[in-house]
Every structure is written in structure tokens, then in C-alpha cells.
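What follows is a short report on a single structure.
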Amino acid sequence: MPVKLWRKPLDADKIPKLQYEVHIINERCDGCGFCIDFCPKDVLARAEKMNEKGFYPPQVINEANCTFCGFCRSVCPTCAIFPIEKISRNIKEVE
Amino acid sequence: MESSNSKSESSEEIRIGVNVCHCGLNIGGSVNCDEVAEYAASLPHVAISRALRYSCSDQGQELIKKDILDYKLNRIVVASCTPRLHEPTFRRACEEAGLNKYLFEMANIREHCSWIHLHDREAGTEKAKDLVKMAVAKAALLEPQEEREVPILRKALVIGGGVAGIQAALDLADTGYRVYLIEKEPSIGGRMAQIDKTYPTMDCSICILAPKMSDAGRHPNIELLTASEIVEVKGYIGNFRVKVLKKSRYVTKDCSACGDCSTACPVTVPNEFDVGLATRHAIYTPFPQAVPSTYIINKENCLNTNFIVCDKCIVACERNAIDFTIIPETIELEVGTIIVATGADVFDPTVLPNYGYGKFLNVITSLEFERLINAGGPSGGKLLRPSDMTIPDTIAFIQCVGSRSEKGTDSCSNVCCMNTIKDALLIKEHWPEVKIYVFYIDIRAFGKGFEDLFRRAKEEGVIFIRGLPAEILEDRKTNNLWLIGENTLSREIYKINVGMVTLSIGLEPREDSNIIQRLFTLSRAPDGYFMEAHPKLRPVDTPTGGVFLAGCAESAKDIKDSVTQASAAASRANILMAQGKVTIEAITPTPIIDNCKFCELCTKVCPYNAILVDRENKITEVIEAACAGCGNCGAECPSDALIMRHFTDEQIIAQIDAITEQDANMKIVAFCCNWCSYAAADFAGVSRMQQPTNIRIIRTMCSARVSEKFIARAFARGAAAVLVAGCHLNDCHYIDANYQTKKRVERFWRRMERRGVRKERLQLLWASAAEGERFASKVREMAETVKNVSSEEIQKTVKAFKKR
Numbered sequence: 257m258p259v260k261l262w263r264k265p266l267d268a269d270k271i272p273k274l275q276y277e278v279h280i281i282n283e284r285c286d287g288c289g290f291c292i293d294f295c296p297k298d299v300l301a302r303a304e305k306m307n308e309k310g311f312y313p314p315q316v317i318n319e320a321n322c323t324f325c326g327f328c329r330s331v332c333p334t335c336a337i338f339p340i341e342k343i344s345r346n347i348k349e350v351e
Numbered sequence: 039m040e041s042s043n044s045k046s047e048s049s050e051e052i053r054i055g056v057n058v059c060h061c062g063l064n065i066g067g068s069v070n071c072d073e074v075a076e077y078a079a080s081l082p083h084v085a086i087s088r089a090l091r092y093s094c095s096d097q098g099q100e101l102i103k104k105d106i107l108d109y110k111l112n113r114i115v116v117a118s119c120t121p122r123l124h125e126p127t128f129r130r131a132c133e134e135a136g137l138n139k140y141l142f143e144m145a146n147i148r149e150h151c152s153w154i155h156l157h158d159r160e161a162g163t164e165k166a167k168d169l170v171k172m173a174v175a176k177a178a179l180l181e182p183q184e185e186r187e188v189p190i191l192r193k194a195l196v197i198g199g200g201v202a203g204i205q206a207a208l209d210l211a212d213t214g215y216r217v218y219l220i221e222k223e224p225s226i227g228g229r230m231a232q233i234d235k236t237y238p239t240m241d242c243s244i245c246i247l248a249p250k251m252s253d254a255g256r257h258p259n260i261e262l263l264t265a266s267e268i269v270e271v272k273g274y275i276g277n278f279r280v281k282v283l284k285k286s287r288y289v290t291k292d293c294s295a296c297g298d299c300s301t302a303c304p305v306t307v308p309n310e311f312d313v314g315l316a317t318r319h320a321i322y323t324p325f326p327q328a329v330p331s332t333y334i335i336n337k338e339n340c341l342n343t344n345f346i347v348c349d350k351c352i353v354a355c356e357r358n359a360i361d362f363t364i365i366p367e368t369i370e371l372e373v374g375t376i377i378v379a380t381g382a383d384v385f386d387p388t389v390l391p392n393y394g395y396g397k398f399l400n401v402i403t404s405l406e407f408e409r410l411i412n413a414g415g416p417s418g419g420k421l422l423r424p425s426d427m428t429i430p431d432t433i434a435f436i437q438c439v440g441s442r443s444e445k446g447t448d449s450c451s452n453v454c455c456m457n458t459i460k461d462a463l464l465i466k467e468h469w470p471e472v473k474i475y476v477f478y479i480d481i482r483a484f485g486k487g488f489e490d491l492f493r494r495a496k497e498e499g500v501i502f503i504r505g506l507p508a509e510i511l512e513d514r515k516t517n518n519l520w521l522i523g524e525n526t527l528s529r530e531i532y533k534i535n536v537g538m539v540t541l542s543i544g545l546e547p548r549e550d551s552n553i554i555q556r557l558f559t560l561s562r563a564p565d566g567y568f569m570e571a572h573p574k575l576r577p578v579d580t581p582t583g584g585v586f587l588a589g590c591a592e593s594a595k596d597i598k599d600s601v602t603q604a605s606a607a608a609s610r611a612n613i614l615m616a617q618g619k620v621t622i623e624a625i626t627p628t629p630i631i632d633n634c635k636f637c638e639l640c641t642k643v644c645p646y647n648a649i650l651v652d653r654e655n656k657i658t659e660v661i662e663a664a665c666a667g668c669g670n671c672g673a674e675c676p677s678d679a680l681i682m683r684h685f686t687d688e689q690i691i692a693q694i695d696a697i698t699e700q701d702a703n704m705k706i707v708a709f710c711c712n713w714c715s716y717a718a719a720d721f722a723g724v725s726r727m728q729q730p731t732n733i734r735i736i737r738t739m740c741s742a743r744v745s746e747k748f749i750a751r752a753f754a755r756g757a758a759a760v761l762v763a764g765c766h767l768n769d770c771h772y773i774d775a776n777y778q779t780k781k782r783v784e785r786f787w788r789r790m791e792r793r794g795v796r797k798e799r800l801q802l803l804w805a806s807a808a809e810g811e812r813f814a815s816k817v818r819e820m821a822e823t824v825k826n827v828s829s830e831e832i833q834k835t836v837k838a839f840k841k842r
């Protein structure tokens, strides 16, 4: 039988674990849902609360999964969503 | 076939020459051959009958040839050993004397008579007479046949790009043939690429393999098809049509293997090549020496499932070599010969809970060890134990994990003993202070230079303890391991604390062997590896013409043996391709259009789709080159519209009639297939397994040739019992033809029930060529049944089946 891979790779800790956060500008969203549908890592889901325009914007449900592919930003017709690297924000905090 | 010629020959007077062979004392010792020869002279059509000392010797053959000319013989019967051994010899002798080789018939009075009735000369002689009578009866009905020649394409296919596949491909390519080398992984190299050092010479494995890999990669005669799998095989020896599914790499040939894409890839997953001990990205190359060096995208890991979501690799690639629009393609190859070098899997030790693999971090497999000690591996060649990444002070190796046991395979995996000794020496070389224990059942150091290596390991202070640990326990604080077991030499219980345990896992057949088996109609031994055509004399051939075996696909073996076998397989394939043609045995069916009802039953049972029935135009055609001659169609045809050449209904019925002419109430009429059950009876003979003398075996190519009318005929003629024997289901040499045998026998059993005949009198046996004892015990069991069959019962059976 083919080998089962169960072990944590020895170099797993050495891989820089970049964290990303996804920002959503709720009031801009037109609720098309493209970002939710197209996210390859299922980071987003439809929010329960309507925005001012009467649309349901996305909400972040699984931020740790985000790989910063940036597709949500690309597909958003209203420029209402964008991911950023967490590290950059940390640096700001130190300053 | 020139029909006018055969007509004229069949209409002339039949003159049969019978030769009864003493085979020294092999037959002469327990059968009165002179008496048999004398008896044969009294049979119809027999013109000359004589006993010979060794009929297969040159003098014996010369005599047969002389007889053909002197006595104007047109049929020859030799009563000697199994036709599986010397039929080709005598056929050649007949041809040399101008007689068509299909006018020769053999009676097996050695394996099926003298050797199994060593102590009953009288009954043995009587049985030999019967066997000769059967052969003479069949010989009288034999017809000359013309064999067709089939051209052999001078192209070869090698399946599997491990060291065996690479070697076979290189040998054939160097000879000048076009070779397709197919590998399902992204790179060739196989198991050998994963191993650190090789025994007994301690060469670096990848260092000696990599040049061969690149040779194969850039050889003008080799076309490398990696990440490819075979999906369909059609055709026959010399003319295979193979469909290969070439999965998409999503990277074009422009790739310079710079690795920029991989660095940019945001996905990280465990690397299969490092047995999950290191990571790779979704776009990757499995290892630095990979051939082809072109990167590959694993679509299961990549973020781009249906459309481009992430374009990081595309942006990173300066040569624009990444193309997500490439789709998998199916390539059709036409080849003449095929070498199966699909390799082996390793045993999964998680099924042994007492060793705690998968639960205790510091219990690793020998394959993981290879990656750990490898300088190019995840730990940079440092032997680090996974729990705390330190070098352990003691290491234990446990042998025979998954080999020689009920869990895993019964057989020895051949490589683990020496691999462990090699590993132990490697540790001693780098870290002499590490204490090493090896727990074993037996150390098998059987090869050239192996014993030396074993002695060196002992001299270096490796401690060998006979007796495998019963259990491994983990110390929760230190993650050290306690090994508890019995030293079977000192008969003491040991409890030893070590820092790390390596399980020497065995090899086992590939999980997908059944797919290859089905595609190429191969057979598999009970342990699951592919079976050779003959274990001694045709060790790289398979039962399917034009298909050869190399490497671990045939059985567990080390690198040297794999390479040796690969060259042997290449050489066998070369013989076929150098000749450029092969003759096909004339045992295929001839359709009789006048009888045909175009019911298409034959096409439904044909395993090779070799019969075309055109109901509208009233055409029934047999594609001779695709037909393997099992006779399944002939048995299925309800209107006698298919004549199975050389195994015709008339010939088989003549044999049944010959058996049942005298003392039918004491006899078992047996039908055995050429490949497994007849060979099992031969094997019982070779092993001298003594049996009762009741059985008379009729050889057919496949048990599916046995029509219900043959069984009915035997019972109608008063036979006490009938045996139908074939290969095990799924091991049939004609793909799945023996399922029809099963269907027919079961149908006949129902018929017997309806007519009030005891079902025990018809037996169905599946026996492989190695199961001589199984065959012999069936004969013994049936002989007991025969004793219980009363003459009234036989009368009743004769009446029940005689109505036609």
C-alpha cells in the first residue's frame, strides 16, 4: 500500500508562517458574492447583517486559511475587499 | 490454410506411429512399456508401435523421423512426459520429416502415470494403455494446420521508471529500438532514488542512479512519458495498441528548473519523496536530480482548481513556462513488446499496534531512515529523532516487519536484512558512539559480499539479538522507547531502552497491481506478485506473449537483481523484435457459416473480442491474431458453428470414448486447462504425490473449452465421475474465461439434480500450477466417491444422459 504521510514535516516550523488579514469595506459592498464563491480556501461567508445599501456583504470566517492570493480583490466590482499581510501591520505597531 | 491440401491428406489412409518412451527408469520403472507398445499396435490405424529408451534423445528423434518415411506414417503419437515439456521437440522432429506438426499427439505417461503410481506396476501399465488409446483416438482425427505469421513492431514499451525500467529501456534503446518509458510519478528514479547508500559496496544510491536517469532522459531512442498511466491495452504479441493518459504538468518544456515559481507558491504540503519528512509547494520538482527536471503543478494542492485564482508562479516565471490551459491528453502507442517493471510498495506498519508506529514519534520506518540519513534529505544527513531533533544515543532496528508473518506477506522481502546492516554501518561511520541493536528472526546474508558486510557490522559493535520485540512502549517524558521481548537464543526476557526505533518494513506488491494484471492478462502468485511463465526456465516471460517482467513487479529483490532481470527482459524482448515476426499457434476457431444462427453468444463470451458477427450480411469472422485459442466460444456455440482447431469436438469426444470403452464405472474423466490445472497435475507427478489410478486427463487450452455436452457424453458412456479443473478465478490465462466454466458446471449440476444424479460425481477444481497437492487430494477424494457409485446408479445415469 502506498505510504501514508502522517508526520509533521521536520521543516514545518522553518517555513515563514505569514498571516494575512482580509479587510472588507461593508458599506461599499454590492453583495454580488463573487469573493465568497471564488475564494479557493473558503475564507469568506455571507454576513448575517445587511449593509446600508441593503446588500449582504461577506464576512471572514477562516482567516488562518488565507494564502494571500488576492483573488477576492481582483473580482470585487466595487473594490470593497482586500487582503493585507499581517507582518506589515505588526511593524507599524512597533513603531 | 490451403483447404484442398488438407482435404487430400485427411482423405488418405490414416497411418499412426506410436512410440512408448521408457525415459530410462522414470517410466520404465513402474510401467511395462513393452506391453503398452504391444497393446498400441492392436489399436485402429496404428501402423507401427515401438518402445524407446529415450525418445527425446537425438537417436529417438531420428528413429521417429525414419519411421515416418519408412512406414509412410501420417500421424505420430509419443507416450512419454508432459506435452508442456517436450511437445515442441517432437513437433519439430515431425516437421523435419515433412509431417505437419499438428499431426502429432502426446500421451503423458510420466507425470500423470508412472510417477504417481510408483508402487502399482500393473494398474500403472493399464492406465498407460488407456492414455495411449486416448492419444491414438485423437491422433486419428487430427488435421494439418497452417500457422499464421504475425509481424512484430520494432518498438517497445517499458512500464515503470525505477532502476529496472530505466535499465531495460536503456538496453533496448542502445540496441536501436524505439522505447517508450512510462512512469506515473513526475520523475523517473523510483525507490532507488529515495535510498541513501546501497549495499554491499556502500555506493551513494542517487550518485550511481542519476547518470542512468539522465541517460534515459536524453537518449534519442527513448521517449519519456512521466506523470502518465496506462488506461487501455489492445492487440496481441508484436502488435499492442496501448492508450496512455498523460497528465498535465501545467509547465511547458521551456522550464529551466530555476525554482522561482516554487519559492513564490503560497501552498505548502508534505513531500511524498521525503516520506512526508519535508515540505514542498504545489509547484515543485520531487528531488533535485529529477528527470525530467521540468517542474510540475499538483492540481490537488494548487489553488487554481477551475480557473486562475492565484497567479504567483506565473508572474514569477521569467520564461513564461507555466500554462494552466494545458489539458491531460491520451496518447495511443503502437508497440511490439512490453516490459512490466512496476516495482513494489512498502508495508504499512500502522497495522501493527504493538509497535506504535504512527503514535510514537521516534518509531520510524526504514524508508524514513533513508531520507533522514541522506545528505540531501530533510535533516541534511543528520540522524535526528523526530521528537526533539537530537541525535539518539541508542537505536534499535526491528527486522521482518511485514515480512515472514501473517500481517503483511508470508515471504521474505529479500532486502531488509542487508539494508539494516548497511544502515547500522552508516551510523557507526558518522556517530561511532551510538549504540545499535538489531532484533532479527534470521539474518539472511546470502549474496555476493553480504556475509563480509555482516561480519563488519558485528566487528563494529552492532548488537544482534535473535527474537523480535513483542511490544514497544514509550516513556512519556523523554520519548524514549522500551522494547520488550524474548531473546530466543538465551531464552531470557529483555527490556531495552532506546532513543529511536527503525522498523525494517518489507516490500509488498503494488496496490494497483490488479489494474496492470487486468490490462495485460497477467497472473499473480498467491503472494500477489506477477507470475513468470516458468519459475526456472522462463523467469522473465509472462503467460501473455510479448510481455516481460523486470524488478520488484515479479518479486521483492534488491537493486542488483532488478538490474540483472531488467537486462534479461530487454534481451528477451530483443529476440522477438530482432526476428521481426512470430508464428501464432493454429488453435483458433474456424466458423462454419452454414451452421451459424448469428445468435452472437460467442461474441459475448470471447474475452478478447476476437469474433465479429454481422447478422445483416451473414458474416462471422474470427480475428486470428487477437484470438488466444481458449475455446470458450466453441463451448458456448449452440449450433456447432465454430470448429476449435486442434481441440475439436470430435477429437475430445473420441478421447472421452476411448476412456470409457472399458471399465468406465471405475474411471474419472478429467478436463484440465493447459496452464494451471494440467500443470498442477504435472507438479503432483514431479513431486511424486502418489494417487489412485482412476483418473484420465484430457488437456484443453482453457477449462472454458469444456462444453456441457462433453460432461454429458462422459456420463452417458458410464463414467463414474467427471472432474473439470481450471485456474483460480481471476487467474485465468484467458482474462476471465473460467467464469464461463463455473457457469457451465453450475448449470450442469442443476441438470444432474433434476435428473436424480448425485452432484458429487461432477467436481469443479481450481488449482494453480503450484498446487500439486491440492490436485492430488482432489483425485484421492474423488476415488473414494467412485467406490460408492453402484452399477445401478451408473445405469440410471447413462439413461438420464443418453437421450440424444
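Respectively, the protein sequence lines represent chains A and B. Throughout the first sequence, residue numbering follows the working numbering, covering 257 to 351 in sequence. Throughout the second sequence, residue numbering follows the working numbering, covering 39 to 842 in sequence. Heads up, the beta-carbon is just placed ideally off N, CA and C, and yes, glycines get one too. These numbers come from a predicted model, not from an experiment.
query                                                                                                                       : result
Proximal residues to V170(B) (C-beta, below 8 Å), its chain only, five neighbours per side dropped                          : V56, V58, V74, Y77, A78, L81, V115, A117, A145 and I147
Outcome for S441(B) when other beta-carbon atoms lying within 10 angstroms are tallied against a minimum of 16              : buried
Residue span of the beta strand (DSSP E) that contains P121(B), given as start and end                                      : Segment P121 to E134 is the alpha helix (DSSP H) holding P121(B); no beta strand (DSSP E) there.
Counted within 10 angstroms of its Cβ, other Cβ atoms place V269(B) as buried (16 or more) or exposed                       : exposed
Coarse secondary structure for V827(B), derived from DSSP in three states                                                   : coil
Inter-residue Cα distance where the pair is E40(B) and V744(B)                                                              : Confidence is the limiting factor: at E40(B) the pLDDT is only 36, short of 50, which leaves the residue's position unreliable and the question unanswerable from this model.
Backbone secondary structure at N392(B) - three-state DSSP                                                                  : helix
Top-ranked residue by Cα proximity to D448(B), from L541(B), G566(B) and T368(B)                                            : G566(B)
Cut-off 7 Å between Cβ atoms - residues of its own chain near F786(B), not counting five sequence neighbours on either side : E746, I749 and L800
Rounded distance between the beta-carbons of R737(B) and N712(B), thought under 8 Å                                         : 6 Å
Exposed unless 16 or more other CB atoms sit within 10 angstroms - verdict on K285(B)                                       : buried
Short CB-CB distance (under 8 Å) between P304(B) and chain A                                                                : yes
Burial state of V271(B), where buried means 16 or more other Cβ atoms lie within 10 Å                                       : buried
Residues of the region 261-291 of chain A whose Cβ lies closer than 7 Å to any Cβ of chain D, in chain order                : No chain D is part of this structure, whose protein chains are labelled A and B.
Distance, K350(B) Cα to T306(B) Cα                                                                                          : 14 Å
Bounding residues of the beta strand (DSSP E) (the contiguous stretch that carries K222(B))                                 : It is not in any beta strand (DSSP E) - K222(B) carries neither H nor E in the DSSP assignment.
S806(B) beta carbon less than 8 Å from that of C668(B)                                                                      : no
Distance between F407(B) and L463(B) (C-alpha atoms, nearest Å)                                                             : 13 Å
Rounded distance between the beta-carbons of F813(B) and A718(B), thought under 8 Å                                         : 4 Å
Alpha-carbon spacing of I773(B) relative to T559(B), whole angstroms                                                        : 5 Å
Helix, strand or coil at M172(B) according to DSSP, with G and I counted as helix                                           : helix
Closest Cα partner of N826(B) within the set I364(B), E798(B) and N655(B)                                                   : E798(B)
Proximity of E549(B) and D383(B) at Cβ, strictly below 8 Å                                                                  : yes
Below-8 Å beta-carbon distance, P296(A) vs any chain B residue                                                              : yes
K281(B) - partner residues in DSSP beta bridges                                                                             : E270(B) and E370(B)
Residue-chain proximity (V259(A), chain B), Cβ-Cβ < 8 Å                                                                     : yes
Residue from S93(B), D209(B) and G162(B) with nearest C-alpha to T602(B)                                                    : D209(B)
D426(B) burial status per 10 Å Cβ neighbour count (16 or more: buried)                                                      : exposed
Residues that R504(B) bridges to, as DSSP identifies them                                                                   : Y478(B)
Chain B residues whose Cβ lies nearer than 8 Å to that of C335(A)                                                           : Ordered by position in chain B, no residue passes the 8 Å Cβ test against C335(A), which lies about 18 Å from the chain.
Span separating the alpha-carbon of C293(B) from that of E623(B)                                                            : 50 Å
Extent of the continuous beta strand (DSSP E) run through C59(B)                                                            : I54 to C59
Beta carbon proximity, E221(B) to chain A, threshold 8 Å                                                                    : no
Straight-line Cα distance separating V651(B) from N43(B)                                                                    : Caution is warranted here: a pLDDT of 40 is assigned to N43(B), below 50, making its placement in the model unreliable, and the coordinate value is therefore given only provisionally. When rounded, the distance between both Cα atoms is 28 Å.
Segment contact flag, the region 597-612 of chain B with the region 347-364 of chain B, C-beta cutoff 8 Å, min 3 pairs      : no
Cβ neighbour criterion (16 or more within 10 Å) applied to F484(B)                                                          : exposed
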